[in-house]
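What follows is a short report on a single structure.
Number of protein chains: 2
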Amino acid sequence: MDIRRADQIADTLEQLVFAGEFQDGDRLDELKLAEQFHVSRTPIREALQVLVTSGMAEQIPRRGVFIRQPGPVELLEMFETMAEIEAVCGRLAATRMSDQELDALADANDRCQQAIQASDHDRYYSENETFHQIIYRGAANSFLEKQAKQLQNRLRAYRRIQLRFRGRLRQSMSEHSEILQFLRDGDADNTARALRGHVAVQGEKFHQLMASLKR
Amino acid sequence: MDIRRADQIADTLEQLVFAGEFQDGDRLDELKLAEQFHVSRTPIREALQVLVTSGMAEQIPRRGVFIRQPGPVELLEMFETMAEIEAVCGRLAATRMSDQELDALADANDRCQQAIQASDHDRYYSENETFHQIIYRGAANSFLEKQAKQLQNRLRAYRRIQLRFRGRLRQSMSEHSEILQFLRDGDADNTARALRGHVAVQGEKFHQLMASLKR
DNA sequence: GTCAATAATCTTGTATACAATAACTCTGAT
DNA sequence: ATCAGAGTTATTGTATACAAGATTATTGAC
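The listed protein sequences derive, respectively, from chains A and B.
For the first sequence, position 175 matches number 183 in my numbering, and the numbering has no gaps at all.
For the second sequence, position 82 matches number 90 in my numbering, and the numbering has no gaps at all.
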């Protein structure tokens with residue numbers, strides 16, 4: 009619903025970057041992009057500013073803007089940060105979530121389970137994100153919630169990869185149930201611990217995957 | 009060291025916003041700013057994009073960009089988030105900081121103490137930030153470190169206000185010493201707890217101040 | 001053949017021009 | 001006096017123009 013062409017282009021470019029259409033270090037050529045989007049350089053430049061500010065690209069004055077895909081080390085750091093932020097959300101949510109929100113969480117969990125039984129991976133990814141977002145919301149801190157969603161968004165592509173590990177889906181579901189129970193009990197510490205582990209293992213799985221690919 | 013005028017302007021505007029030169033809802037007039045900075049609208053617009061992307065201003069298409077100062081509720085949320093992020097940094101730092109880093113932390117703490125004895129508030133603020141930044145660094149996660157620094161930066165102005173509370177400086181120092189000791193002991197849980205409290209109390213003090221001003 | 005230096009080309013950053021929409025003003029009717 | 005509506009002015013968003021620095025190509029010396 010953006011009126012500004014520049015905003016639409018920024019969104020599209022963001023999607024393309026997340027989708028891995030660009031390699032790390034690729035230069036975003038203003039003229040080529042302008043041609044591609046059928047606009048002048050002006051809206052392209054404004055879109056590039058957005059990418060740079062949000063950390064997805066780097067700007068070198070008089071040289072251009074270059075996309076910056078996180079390397080293995082940065083990805084691990086991001087997963088660790090995500091794990092800790094989720095743990096924080098869980099800790100707060102344990103004492104703040106309403107019964108309604110807990111029911112919504114249980115529903116989301118059920119839908120995850122259904123998606124697995126239907127072998128509908130896309131739907132599982134989607135419902136899984138919903139499950140976690142309900143917890144962010146449950147922390148009753150919209151600033152924190154925004155931060156969590158932002159990071160979740162940035163890690164989406166990599167989360168998908170690691171979820172393909174054999175047996176991971178089943179284990180992930182059992183962790184979900186455990187988390188749900190801790191939240192129901194209002195057990196802040198255990199919720200935090202469970203969520204931290206639940207997300208941190210994703211980083212570890214990803215690490216394993218990277219290591220196995222290197223060989 | 010920016011070559012781009014637009015970047016310099018973005019920095020300046022950011023400073024001005026943090027310094028409270030603008031009221032919430034103020035429109036940033038492109039023409040006036042262009043005149044003020046002796047440039048055309050182009051670099052101004054690129055600077056405004058940066059402010060909008062980093063959340064300091066809101067853009068309404070075809071209407072302009074309006075600065076968004078956080079209200080009391082959002083500030084409390086930001087302080088709470090800061091407290092939790094610092095706690096996370098502390099938890100990780102407890103098992104990851106080198107002896108060198110611990111010594112640097114002790115030095116920073118000493119300099120805080122000296123600044124207080126010299127009644128040099130500006131220097132205290134500065135050294136205090138250093139103290140905390142060493143802990144962020146100690147978490148050995150540069151992504152997390154960047155996030156922490158960013159939030160620290162956004163809350164700077166408000167932290168200054170609340171530190172004026174009577175007796176707060178002394179108490180703050182004793183908390184620092186406690187945190188340092190927990191880090192030395194490698195006690196992750198207690199470091200996290202102490203840091204969370206240390207920062208959370210800032211939010212509470214700020215809240216008290218707001219409430220007293222409302223009357 | 002390789003390297004350095006200079007010229008030509010490209011690309012970025014800023015300024016200006018123009019089109020479209022929003023805000024404002026002024027008039028006239030009730 | 002108040003409100004509606006047309007016309008005017010302002011402001012945004014995009015396109016184009018131009019200047020300056022970066023990149024590439026070319027030429028010439030060794």
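All C-beta atoms, glycine included, are put in the ideal place defined by N, C-alpha and C.
Please read all numbers here as calculations on a predicted model, not as lab measurements.
- The three-state reading of DSSP puts Glu66 of chain A in strand, counting E and B together.
- Using a C-beta cut-off of 8 angstroms, the stretch 194 to 211 of chain A makes no contact with the stretch 50 to 67 of chain A, since fewer than three inter-stretch Cβ pairs fall below that distance.
- Taking 8 angstroms as the threshold, the shortest C-beta distance from Asp19 of chain B to chain A does not fall below it.
- Proximity of chain A to Phe151 of chain B at the Cβ level (cut-off 7 angstroms) is accounted for by Glu82, Glu85, Met86 and Thr89, in chain order.
- Look at Ile11 of chain B: its C-beta is under 8 angstroms from a C-beta on chain A.
- Each of A:Glu22, A:Gln23 and A:Thr138 was checked against the Cα of Lys157 of chain A, and the nearest Cα belongs to A:Thr138.
- When Cβ-Cβ separations below 8 angstroms define contact, Glu212 of chain A makes no contact with chain B.
- Look at Glu92 of chain A: its C-beta is under 8 angstroms from a C-beta on chain B.
- At a cut-off of 8 angstroms, the C-beta of Arg70 of chain A has a neighbouring C-beta in chain B.
- Boundaries of the beta strand (DSSP E) around Phe74 of chain B: Gly72 to Ile75.
- Chain-order list of chain B residues neighbouring Ser62 of chain A: Thr61, by C-beta distance under 7 angstroms.
- Setting aside the 5 residues that flank it on each side, Glu183 of chain B is surrounded in the same chain by Ala202 and His206, each with a C-beta closer than 7 angstroms to its C-beta; the list follows chain order.
- Less than 8 angstroms separates the beta-carbon of Met105 of chain B from that of Leu191 of chain B.
- Note that the C-beta distance between Met181 of chain A and Cys97 of chain A is not below 8 angstroms.
- When 8 angstroms is used as the limit between beta carbons, Arg145 of chain A is near no residue of chain B, the shortest such separation being about 13 angstroms.
- Listed along chain B, the residues sitting closer than 8 angstroms to Arg53 of chain A by beta-carbon distance are Glu54.
- The stretch 72 to 81 of chain B makes contact with the stretch 15 to 35 of chain B, as at least three CB pairs between them are under 8 angstroms.
- DSSP, read as helix, strand or coil, puts Arg35 of chain B in strand.
- Close CB contacts of Ala116 of chain A within its chain, under the 7 angstroms cut and outside five residues either way in sequence, are with Glu135, Thr138, Phe139 and Ile142 (chain order).
- With a minimum length of 3 residues, there is no unbroken run of beta strand (DSSP E) contained wholly in the stretch 106 to 191 of chain B.
- Using a Cβ-Cβ cut-off of 8 angstroms, Gln16 of chain A does not count as an interface residue toward chain B, since no Cβ of chain B sits closer than that to its own.
- Among the CB atoms of chain A, none fall inside 8 angstroms of the CB of Val207 of chain B.
- Interface with chain A (8 angstroms Cβ-Cβ cutoff): Gln160 of chain B is excluded.
- Close to Gln155 of chain A, with beta-carbon spacing below 8 angstroms, are these residues of chain B in chain order: Thr89 and Gln155.
- By the criterion of a C-beta distance shorter than 6 angstroms, Leu41 of chain A is surrounded in its chain by Ile52, once the five residues flanking it on both sides are discounted.
- His46 of chain A carries a coil assignment under DSSP once its states are collapsed to helix, strand and coil.
- Close CB contacts of Arg167 of chain B within its chain, under the 7 angstroms cut and outside five residues either way in sequence, are with Gln210 (chain order).
- Bounds of the alpha helix (DSSP H) holding Ile93 of chain A are Pro80 to Arg104.
- At a cut-off of 8 angstroms between beta-carbon atoms, Val96 of chain B makes contact with chain A.
- Within the same chain, and ignoring the five residues on either side of Ala165 of chain B in sequence, the residues whose Cβ sits closer than 6 angstroms to its Cβ are Phe26.
- In terms of Cβ geometry, Gly194 of chain A and Thr50 of chain A do not form a close pair [threshold 8 angstroms].
- Contacts with chain A (Cβ-Cβ distance below 8 angstroms) from the stretch 24 to 45 of chain B involve no residue at all.
- Contacts between Val73 of chain A and chain B, judged by CB atoms closer than 7 angstroms, are missing: the closest CB pair is about 11 angstroms apart.
- Secondary structure note for Phe26 of chain A: its alpha helix (DSSP H) is the uninterrupted segment Arg13 to Phe26.
- Check the Cα spacing between Asp128 of chain A and each of A:Leu113, A:Asn161 and A:Arg172: the tightest is with A:Arg172.
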